[in-house]
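Numbering (our numbering), first residue to last: 1171 to 1429.
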């Protein structure tokens, strides 16, 4: 999906909208991942790809000592306001600024699929995880089970030259996430699917939220906001409810792995 610098620029472009409208919709996923790794008082946790700090804040509420890393500086500026006393760093998943075995839990929610080399990123996450620690990593569920696919399909089709990679669903083919984790030296001990519907009060709010995501920002850069918005709204209009709201039924897959 590109270098961390490019990803940082894309995800920073509409940071406030991501932090307030889109990122909070992932809370059921974060709660499930924190539960699965028994995050609690005194645990050292890395939130790798922390965005605006939503999951970091939940981990702090459970008593964990948290550090967060993301490529998007503007999202981290918001995170620092939300999740004190967490230390947040601008950085690359493939070159972490942390010591070996520094963390008891490494949380990587919807981030590794955007790394230039996901296996290299997972190896680096393994390096900073304690020998007795756990990785909790998530990605989109199977593409045919996520109505968000219509958004991603619309923006890909709007591009003059659609990208050859699988985009946000890069690790969503059944068995692919587990294979990627194993290739990096982790042993999967648990996996689960979490239902996570995205609900917006109207089409305008839906667009404001969706445009804050990196893949949509990439399309806006390529074809302009007017064309990107028209493609997305045409795709999502059939999913609008009678009251004008938009509901996308989605799910996410997470794995828990040991080093």
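We treat Cβ as the ideally placed atom computed from N, Cα and C, and that holds for glycine. Computed from a predicted structure; not experimentally measured.
In chain order, which beta strand (DSSP E) runs of at least 3 residues are fully inside the region 1205-1257?
1214-1218 and 1235-1240
Quick one: grab the DSSP three-state call for residue 1413.
Sequence index remark: in the chain shown, residue 1413 carries index 243 (1-based). Coil.
According to the Cβ coordinates, are residue 1256 and residue 1214 closer than 9 Å?
In the chain shown, residue 1256 corresponds to position 86, counting from 1. In the chain shown, residue 1214 corresponds to position 44, counting from 1. No, the pair does not count as a contact, with Cβ atoms beyond the cut-off.
C-beta atoms of residue 1289 and residue 1347 nearer than 9 Å
The residue labelled residue 1289 in the question sits at position 119 within the chain shown. The residue labelled residue 1347 in the question sits at position 177 within the chain shown. Result no, Cβ atoms of residue 1289 and residue 1347 do not sit closer than 9 Å.
Helix, strand or coil: how does DSSP classify residue 1299 here?
Working through the chain shown from its first residue, we reach residue 1299 at position 129. Looking at residue 1299 - three-state DSSP - the assignment turns out to be strand.
C-beta atoms of residue 1294 and residue 1264 nearer than 9 Å:
Translated into positions along the chain shown, residue 1294 becomes position 124. Translated into positions along the chain shown, residue 1264 becomes position 94. Closer than 9 Å, so yes.
Residue 1424 by DSSP, collapsed to three states: which one?
On the chain shown, residue 1424 is found 254 positions in, with the first residue counted as 1. Looking at residue 1424 - three-state DSSP - the assignment turns out to be strand.
Only counting the same chain, and skipping five residues up and downstream in sequence, which positions put a Cβ closer than 7 Å to that of residue 1325?
Here residue 1325 refers to the residue found at position 155 when the chain shown is read from its first residue. Around residue 1325: 1385, 1386, 1389, 1398, 1401 and 1402.
Could you round the C-beta distance between residue 1201 and residue 1222 to whole angstroms and report it? I think they count as a contact, below 8 Å.
Working through the chain shown from its first residue, we reach residue 1201 at position 31. Working through the chain shown from its first residue, we reach residue 1222 at position 52. Going by Cβ atoms, the distance from residue 1201 to residue 1222 rounds to 17 Å, so no, they are not a contact pair.
To the nearest angstrom, report how far apart residue 1206 and residue 1189 are at their CA atoms.
The residue given as residue 1206 occupies position 36 in the chain shown. The residue given as residue 1189 occupies position 19 in the chain shown. Going from the Cα of residue 1206 to the Cα of residue 1189 covers about 24 Å.
For residue 1338, which residues from the same chain have a beta carbon less than 7 Å from its beta carbon, with the 5 sequence-adjacent residues on both sides left out?
Mapped onto the chain shown, residue 1338 falls at position 168. Once the five neighbours on either side are set aside, the close Cβ partners of residue 1338 are 1283, 1310, 1322 and 1385.
Under three-state DSSP, which class holds residue 1182?
For this step, residue 1182 is matched to residue 12 along the chain shown. Correct three-state label for residue 1182: helix.
Residue 1211 versus 1407, 1197 and 1229, residue with shortest Cα-Cα distance
Along the chain shown, read from residue 1 onward, the residue named residue 1211 stands at position 41. Considering only alpha carbons, the answer is 1229.
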